[in-house]
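Numbering (my numbering), first residue to last: 673 to 1003.
Every residue gets a Cβ at the ideal spot worked out from N, C-alpha and C, and that includes glycine.
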Ligand SMILES: Cc1ncc(COP(=O)(O)O)c(C=O)c1O
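Printed below as a string of C-alpha cells:
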C-alpha cells in the first residue's frame, strides 16, 4: 500500500491521575492531537494513504466535503498545499449566503486559499453527486481531480488507523502502554477511524480487547452499516486483514445534535482541562470522553484516542464562555 509520511509519529501516550479520577477508570491517552502542526488530528493519518493514491494517479486537485468547521476539510486543504495540489472544499452551512465567521478551521482553509464552496444541509445530502460534478468541472479545465469522501472514511483511509494500532503495539512492547487494556475509546463521526482501529486490533490483539466508538451524529444502526462497508472495502484492498475486533457503537452520549453539546458535556470538558490540562473540544473528543466517563459497564483500564480538533474549539468561544461562567473563574 502506498503511503506518504505526513505525521509526527509515534504520537505520545499520556496518563494523568486527575483524569482517571474524573473519568472513573484508568485512562491512557494516545495523543493523535499531536500528529502534526496545524494539520494535526486523526485525519492526517488517513491522508497518508489517500494523498499517496492521489499523487500516484497524477492528481493536481483534491475535492472533499464536511461541515463548515470540518477538521477533515482543514487537514486536507493544508496537506494538499504542502503537496502542491489545489484543495476544493464543499462545506455545509445553514445559510450559505450569510457571512461566515472567519475562525477555527475555516480560517485555516481560507489561509491556504482553498476553493471553499458553501452548500446547504439539503445539498450536502447529495454530496457524492456534487463532488463528482466539481470533479467534472475541474477536468474540463485541464485539472486532474481526486475526490476524498467525507471524513476521509473509505477502505484506503482506514489503513491510517490499522497502522496506528501497529504503532500502539510497538509502544506497548517498549513499555509505554500497559498490557490488559479493556477498551479503545474513540469519537465516531464518519466511521473510518473506528473501522481502522477494529481492523488494527484484529492484527494486534494485545493492544486492547475491543473498540468503543462514541457516535457524535446519526445512530448505531447507521454506523454499523457505514463501518462494516469501510471494513469490507479495506479487506478487499488487503486480503491479509483478519475479521475486525469487537466494536461497540454508543449513540447515547451524542448530546443534543451534531456540533451542539449539552451543558453537562461542556462542563465535563471544562473540568478535564482544569484538572489535567488536557484540551478537548465540544464536537468530537469532549463527547467521546464524556461518554466513556458515563458508561454503565466501566472498564478497569481504557485507552482514549485523542483525535485532535483544536481549531474547532477555537471557533466556539461564545459557547464555551457560558460553560466557564457556570464553572467559575477558578474552576
Ligand atoms: C476531531 C475529530 N475526532 C474524531 C472524528 C471522527 O473520525 P471519523 O470521521 O473517522 O469517525 C473527527 C472527524 O469526523 C474529528 O474531526
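Asked                                                                                                                                                 : Found
I need the DSSP call for residue 793, collapsed to helix, strand or coil.                                                                             : helix
Does the pairing of the region 753-772 with the region 714-733 give three or more beta-carbon distances under 8 angstroms?                            : yes
Would you call residue 821 buried or exposed, if buried means 16 or more other Cβ atoms sit within 10 Å of its Cβ?                                    : buried
In whole angstroms, what is the alpha-carbon distance linking residue 882 and residue 858?                                                            : 11 angstroms
Quick one: any contact between the region 838-853 and the region 792-809, if contact means 3 or more CB pairs under 8 angstroms?                      : no
Assuming residue 790 contacts residue 765 (C-beta within less than 8 angstroms), just tell me the rounded distance between them.                      : 5 angstroms
To which residues of the same chain is residue 641 closer than 7 angstroms at the C-beta, ignoring the five residues directly before and after it?    : The chain is shown only over 673 to 1003; residue 641 falls outside these bounds and no answer can be derived.
Measuring only from the beta carbon, is residue 926 closer than 8 angstroms to any heavy atom that is part of ligand 1?                               : no
On a Cα-Cα basis, can you pick out the residue from 905, 941, 968, 889 that is closest to residue 862?                                                : 889
List the DSSP bridge partners of residue 686.                                                                                                         : 701
Using only CA atoms, which one of 754, 742, 705, 698 lies nearest to residue 724?                                                                     : 754
Are residue 695 and residue 913 closer than 9 angstroms when you measure CB to CB?                                                                    : no
Should residue 953 be counted as a contact of ligand 1 given a C-beta to heavy atom distance under 8 angstroms?                                       : yes
Below 9 angstroms between beta carbons: does that hold for residue 906 and residue 877?                                                               : no
Among 807, 831, 886, which residue has its Cα nearest to the Cα of residue 967?                                                                       : 886
Could you compute how far the alpha carbon of residue 772 sits from the alpha carbon of residue 844?                                                  : 45 angstroms
Assuming residue 828 contacts residue 909 under a Cβ cut-off of 8 angstroms, what Cβ separation, rounded to an integer in Å, is found between them?   : 6 angstroms
Is residue 712 helix, strand or coil when you go by DSSP?                                                                                             : coil
Exposed or buried, what is residue 774 when buried is set at 16 or more other beta-carbons lying within 10 Å of its beta-carbon?                      : exposed
Residue 944 and residue 685 - do their beta-carbons sit closer together than 9 angstroms?                                                             : no
With residue 736 as the anchor, note down where its beta strand (DSSP E) starts and where it stops.                                                   : 733-739
Excluding the 5 residues flanking residue 683 on each side, which residues of the same chain have their C-beta closer than 7 angstroms to its C-beta? : 702, 703, 704, 706, 707
Under 8 angstroms from any heavy atom of ligand 1, does the C-beta of residue 860 make it?                                                            : yes
Per the DSSP calculation, residue 974 is bridged to which residue(s)?                                                                                 : 699, 855
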